[in-house]
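Undergrad: One structure, as structure tokens, below. Some questions next.
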Amino acid sequence: MTRNRIAAVAGILSLALAACGAPREPAEPADIPAPEVEAQFADVDTARILAAADTPQEWLTYGGNYDETRHSPLQKVNVETVERLGVAWTYDLRTARGVESTPIVVEGVMYVTSAWSVVYALEAATGEELWVHEPDVDKSVGVNACCDVVNRGVAVYDGKVYVGVIDGRLQALDAETGELIWSTVTVDQSKPYTITGAPRVVDGKVLIGNGGAELGVRGYLSAYDAATGKLVWRFYTVPNPEKQPDNAASDAVFAELANDTWGDEGAWVEDGGGGTVWDSIVYDHVGDQIIFGVGNGSPWNRTFRDPAGGDNLFLSSIVAVDAETGEYKWHFQTTPGDNWDYTATQTIILADLPLGENGETRRVAMQAPKNGFFYVIDAATGEFISGEPFVPITWATGLDENGRPVEVPTARYGTTPILQLPGALGAHNWHPMAFNPELNLAYIPAQEIPQAYAEDSRFFDDPANWNTGSDFAAGAAPDLPPGTFEAIRASLKGRLIAWDPIAQEPRWTVEHENAWNGGVLSTAGGLVFQGKLGGEFVAYDAATGEKLWAHDVKSGAASGPATFEVDGEQYVTITTGWGSAYALVAGMAYPDGVPPSVGKVVTFKLGGNEIIADAGLPMIERTPKGEDFGTTEMVAAGTVHFARHCAVCHGQLAVSSGVLPDLRWSPIAADAASWDQVVRGGALASNGMVSFAEELSEEESEAIRAYVLRQAHNATASQEAPTSDQP
Ligand code: CA
Numbered sequence: 006m007t008r009n010r011i012a013a014v015a016g017i018l019s020l021a022l023a024a025c026g027a028p029r030e031p032a033e034p035a036d037i038p039a040p041e042v043e044a045q046f047a048d049v050d051t052a053r054i055l056a057a058a059d060t061p062q063e064w065l066t067y068g069g070n071y072d073e074t075r076h077s078p079l080q081k082v083n084v085e086t087v088e089r090l091g092v093a094w095t096y097d098l099r100t101a102r103g104v105e106s107t108p109i110v111v112e113g114v115m116y117v118t119s120a121w122s123v124v125y126a127l128e129a130a131t132g133e134e135l136w137v138h139e140p141d142v143d144k145s146v147g148v149n150a151c152c153d154v155v156n157r158g159v160a161v162y163d164g165k166v167y168v169g170v171i172d173g174r175l176q177a178l179d180a181e182t183g184e185l186i187w188s189t190v191t192v193d194q195s196k197p198y199t200i201t202g203a204p205r206v207v208d209g210k211v212l213i214g215n216g217g218a219e220l221g222v223r224g225y226l227s228a229y230d231a232a233t234g235k236l237v238w239r240f241y242t243v244p245n246p247e248k249q250p251d252n253a254a255s256d257a258v259f260a261e262l263a264n265d266t267w268g269d270e271g272a273w274v275e276d277g278g279g280g281t282v283w284d285s286i287v288y289d290h291v292g293d294q295i296i297f298g299v300g301n302g303s304p305w306n307r308t309f310r311d312p313a314g315g316d317n318l319f320l321s322s323i324v325a326v327d328a329e330t331g332e333y334k335w336h337f338q339t340t341p342g343d344n345w346d347y348t349a350t351q352t353i354i355l356a357d358l359p360l361g362e363n364g365e366t367r368r369v370a371m372q373a374p375k376n377g378f379f380y381v382i383d384a385a386t387g388e389f390i391s392g393e394p395f396v397p398i399t400w401a402t403g404l405d406e407n408g409r410p411v412e413v414p415t416a417r418y419g420t421t422p423i424l425q426l427p428g429a430l431g432a433h434n435w436h437p438m439a440f441n442p443e444l445n446l447a448y449i450p451a452q453e454i455p456q457a458y459a460e461d462s463r464f465f466d467d468p469a470n471w472n473t474g475s476d477f478a479a480g481a482a483p484d485l486p487p488g489t490f491e492a493i494r495a496s497l498k499g500r501l502i503a504w505d506p507i508a509q510e511p512r513w514t515v516e517h518e519n520a521w522n523g524g525v526l527s528t529a530g531g532l533v534f535q536g537k538l539g540g541e542f543v544a545y546d547a548a549t550g551e552k553l554w555a556h557d558v559k560s561g562a563a564s565g566p567a568t569f570e571v572d573g574e575q576y577v578t579i580t581t582g583w584g585s586a587y588a589l590v591a592g593m594a595y596p597d598g599v600p601p602s603v604g605k606v607v608t609f610k611l612g613g614n615e616i617i618a619d620a621g622l623p624m625i626e627r628t629p630k631g632e633d634f635g636t637t638e639m640v641a642a643g644t645v646h647f648a649r650h651c652a653v654c655h656g657q658l659a660v661s662s663g664v665l666p667d668l669r670w671s672p673i674a675a676d677a678a679s680w681d682q683v684v685r686g687g688a689l690a691s692n693g694m695v696s697f698a699e700e701l702s703e704e705e706s707e708a709i710r711a712y713v714l715r716q717a718h719n720a721t722a723s724q725e726a727p728t729s730d731q732p
């Protein structure tokens, strides 16, 4: 790759994960019909989730069971019968934003979420709507959501449904009616916190974390009383600026261990340090402990975050705390002194692996975090057992005997861009991993999305919302060298890997067409299910990776599938609507058109023959609506401002995936006054496009318009830009 191309890729793959509003709101909720089901609603307790394997007809918790294996004992759908799998029903979630929800199924009722934290209760066998709960969110908070206004699902317990709301509330709903029972604000809402993750419930306590480390917050995990919504304990993942006690469960370990891994000054003091617990939270019943994954540093670049250069506990760590009190038990830090947005929030799976010489089992925690290593650690102590890269990586040469990465000298970047694998989107992101305990194989939705990291020399001058200390405009240019799009596309790869955690090597691998694909379901029927970005929902042979079945779900499908049984019939279900971080930034990755993002629940059964309706998305005319204008200097300035302020939502190189508007084709770009009304005047704030008046002058806003129109005219002239059929 030429230097120019690397520079261009730098700008483009300084992707990250975006702050975006709301183009299309869900329709008004339908009337709430009286449910006809006689069974008790959400009659779930800890004992029942612990025994999930005994009631495989249910899908009781986000990961299917407390060990979060996403492995179902059901086997009516199996390697022999799967060819007869067809659509049983579909349900329209009425959104084009990202959908990441794994449905929960209990007593014949499915509880599922979509964008903006909307909760739906459906008859699991038919998809008939029972109730819908809209949490009444001020859509302007969408600008705080790094990676789209997604939600990964609910928890159910003792007749209630628990949902984390994008604005930081935790809510308990009546499982039968959807009525609000309690609502608790879990964050300082003056700060850019969000919640996208699914709560978990253990022994009467609801566990919830949050996100926001791209914009500057301090992370923690909280436990709330499931009946009342009162805080029981909280464990912070980074110290407060004074390194003083918080009157929290984490106080003792910070005094003993973690405070000393942070310097006394640096941007972390203002920015909160990051370390958000935005996804994986697992209950280990053997140790009666909660094991959770911690996110990246805020800002990303440690040079700015903490010039003292320490490990910065507990960033990018797996942490175990006492389930009852929240007190520290152990930790394992995957990426000491995180510098690259290498979160360790990815799926944590607990299992008993035959690691002993005579086949004795050892209880382990497994994770494939963003940094590209697959880790096996002791679940009782956090001791490192083994770790190997599951994709090509360039930032480290391996792990030492304690599991600490051996970094390459260039990894801690300066102002010259370095192209690195993995990038901030990770070798594995939020897409759930699964584990088959019969085959001892973990199934990883893996990806290669390189990123150019460069120190942002304007870091202290421009404390805008997104201020990671890594320059998103590195290498961005208004007119790209020929072949740039092809070079970028060639560098993006996605695959499903069946990983042997004992041998620490792949057993089989399936290469995908796109880098970003779906979460995984494993079943005792010998199957592995995964949705793909191109719209295929696929079943593979769990032992060999042979493709046994596929169905076009007419939308990108990224969430974790689930399976359940009603009246003896096995169903397999997935939510569609790919949205999320990659969708927002990576429109340019799709030369043949961007896969549609259509929010639906699609449920299959043997012999099902329903049709998935076409989305009927409105076509947009892909022509510039305004003249090409602006001096070279003006367009160049617009390029940089776009990369820093707009690209995380409207797409790198101004090419949108369609989840949010492609500005190149927007009529608003035709007129300077209208443009400024939106960009600086906040005219579309109710859609989530808040005013950027504090970040951008009128001149800078107009320079962005010149850049956007230049890209529109360039694309029309060269026919090089990918097409998009969505608004
Ligand atoms: Ca992050």
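When we follow the working numbering, the leftmost residue of the sequence shown carries the number 6, and every step to the right adds one.
Just so you know, even glycine gets a beta-carbon here, dropped at the ideal spot from N, CA and C.
Mind pulling the beta strand (DSSP E) runs of 3 or more residues that sit fully within the region 494-519?
TA: Counting whole runs of 3 or more residues, the region 494-519 contains the beta strand (DSSP E) stretches 498-505 and 510-517.
Undergrad: Kindly indicate which three-state DSSP category Y198 falls into: helix, strand or coil?
TA: Coil.
Undergrad: Any residue with its C-beta under 5 angstroms from a non-hydrogen atom of ligand 1 counts. Can you list them all in chain order?
TA: That gives N301 and D346.
Undergrad: For chain C, check one thing: does any of its Cβ atoms lie closer than 9 angstroms to the Cβ of I382?
TA: Here there is only one protein chain, and chain C is not present.
Undergrad: Return yes when the Cβ of L226 is within less than 9 angstroms of the Cβ of F337, no when it is not.
TA: No, the Cβ-Cβ distance between F337 and L226 is not below 9 angstroms.
Undergrad: Leaving out the 5 sequence neighbours to the left and right, which residues in its chain are closer than 6 angstroms to T266 when beta-carbon positions are compared?
TA: The answer, listed in chain order, is G315, D316, N317 and L318.
Undergrad: If distances are taken between C-alpha atoms only, which option among G164, D633, V190 and P666 comes closest to I171?
TA: When each option's Cα is compared against that of I171, the closest is V190.
Undergrad: Since H655 and L668 are thought to touch, with beta carbons under 8 angstroms apart, how far apart are those beta carbons, to the nearest angstrom?
TA: Right, the Cβ-Cβ distance comes to about 5 angstroms (below 8 angstroms), so this counts as a contact.
Undergrad: Output yes or no for whether 9 angstroms exceeds the beta carbon distance between P450 and N519.
TA: Not in contact: P450 and N519 (Cβ atoms no closer than 9 angstroms).
Undergrad: Would you mind giving the Cβ-Cβ distance between L501 and P455, rounded to the nearest angstrom? I have them listed as a contact below 8 angstroms.
TA: L501 to P455, Cβ: 20 angstroms. No contact.
Undergrad: Mind listing, in chain order, the continuous alpha helix (DSSP H) runs of no fewer than 4 residues lying wholly within the region 304-375?
TA: DSSP runs (the alpha helix (DSSP H)) wholly in the region 304-375: 307-310.
Undergrad: Starting from S527, trace the beta strand (DSSP E) both ways and give me its first and last residue.
TA: S527 -> beta strand (DSSP E) spans V525 to T528.
Undergrad: Mind checking G573: buried by the 16 CB within 10 Å criterion, or exposed?
TA: Exposed is the call here.
Undergrad: Grab the span of the beta strand (DSSP E) containing H556 for me, first residue to last.
TA: K552 to D557 is the extent of the beta strand (DSSP E) around H556.
Undergrad: Can you tell me the Cα-Cα spacing of A263 and T242, whole angstroms?
TA: Those two C-alpha atoms are separated by around 9 angstroms.
Undergrad: On the three-state DSSP scale, how would you describe L714?
TA: Of the three classes helix, strand and coil, the one that applies to L714 here is helix, per DSSP.
Undergrad: Q682 by DSSP, collapsed to three states: which one?
TA: Residue state, collapsed to three classes: helix.
Undergrad: For a test of the three-state rule: what should DSSP assign to I673, helix, strand or coil?
TA: I673: helix per DSSP, three-state reduction.
Undergrad: With DSSP as the reference, please indicate the residues paired to M115 in a beta bridge.
TA: According to DSSP, which records beta bridges pairwise, M115 is partnered with V110 and L127.
Undergrad: When the Cα atoms are used, what is the spatial distance from S188 to D163?
TA: The alpha-carbon atoms of S188 and D163 are separated by roughly 16 angstroms.
Undergrad: Measuring alpha carbon to alpha carbon, tell me which of S475, S391, R409 and F465 ends up nearest G419.
TA: Of the listed residues, the one whose Cα sits closest to G419 is S475.
Undergrad: Would you be able to state if there are at least three C-beta pairs under 8 angstroms between the region 611-621 and the region 550-559?
TA: Result yes; three or more Cβ-Cβ pairs closer than 8 angstroms.
Undergrad: Beta-carbon separation of A2 and S527 under 9 angstroms?
TA: Shown here, the chain extends from 6 to 732; a query on residue 2 therefore has no answer.
Undergrad: Give the secondary structure of G216 by DSSP, where H, G and I count as helix, E and B as strand, and everything else as coil.
TA: Residue state, collapsed to three classes: strand.
Undergrad: Cβ atoms of P427 and K375: under 9 angstroms apart, would you say?
TA: In this structure, P427 lies closer than 9 angstroms to K375 by Cβ.
Undergrad: Nearest to A385 by CA position, among T350, V324, L404 and E551, is which residue?
TA: Checked all of T350, V324, L404 and E551; the closest Cα to A385 is V324.
Undergrad: Give the range of the alpha helix (DSSP H) segment to which D289 is assigned.
TA: Where D289 is concerned, there is no enclosing alpha helix (DSSP H), although the beta strand (DSSP E) it sits in stretches over I286 to D289.
Undergrad: With a 10 Å radius around its C-beta and 16 neighbouring C-beta atoms as the bar for buried, classify E704 as buried or exposed.
TA: Result: exposed.
Undergrad: In whole angstroms, what separates the C-alpha of E219 from that of T66?
TA: Their backbone Cα atoms lie some 28 angstroms apart in a straight line.
Undergrad: Kindly indicate which three-state DSSP category D59 falls into: helix, strand or coil?
TA: The answer is helix: DSSP assigns D59 an H, G or I state.
Undergrad: By DSSP, does L668 sit in helix, in strand, or in coil?
TA: Helix, per DSSP.
Undergrad: Return the residue from the list R174, Q535, A373 and P483 that minimises the CA-CA distance to P506.
TA: For P506, the nearest C-alpha among the options comes from A373.
Undergrad: Can you tell which of Q294, Y333, E275 and W335 has the C-alpha that lies nearest to the C-alpha of F309?
TA: Per the Cα distances, E275.
Undergrad: Let's see if you can read the secondary structure: which residues bound the alpha helix (DSSP H) around R276?
TA: As written in the sequence, residue 276 is Asp, which differs from the Arg given in the question. Unbroken alpha helix (DSSP H) run through D276: W273 to D276.
Undergrad: Where does Q456 sit, in a helix, a strand or coil, going by DSSP?
TA: Strand at Q456.
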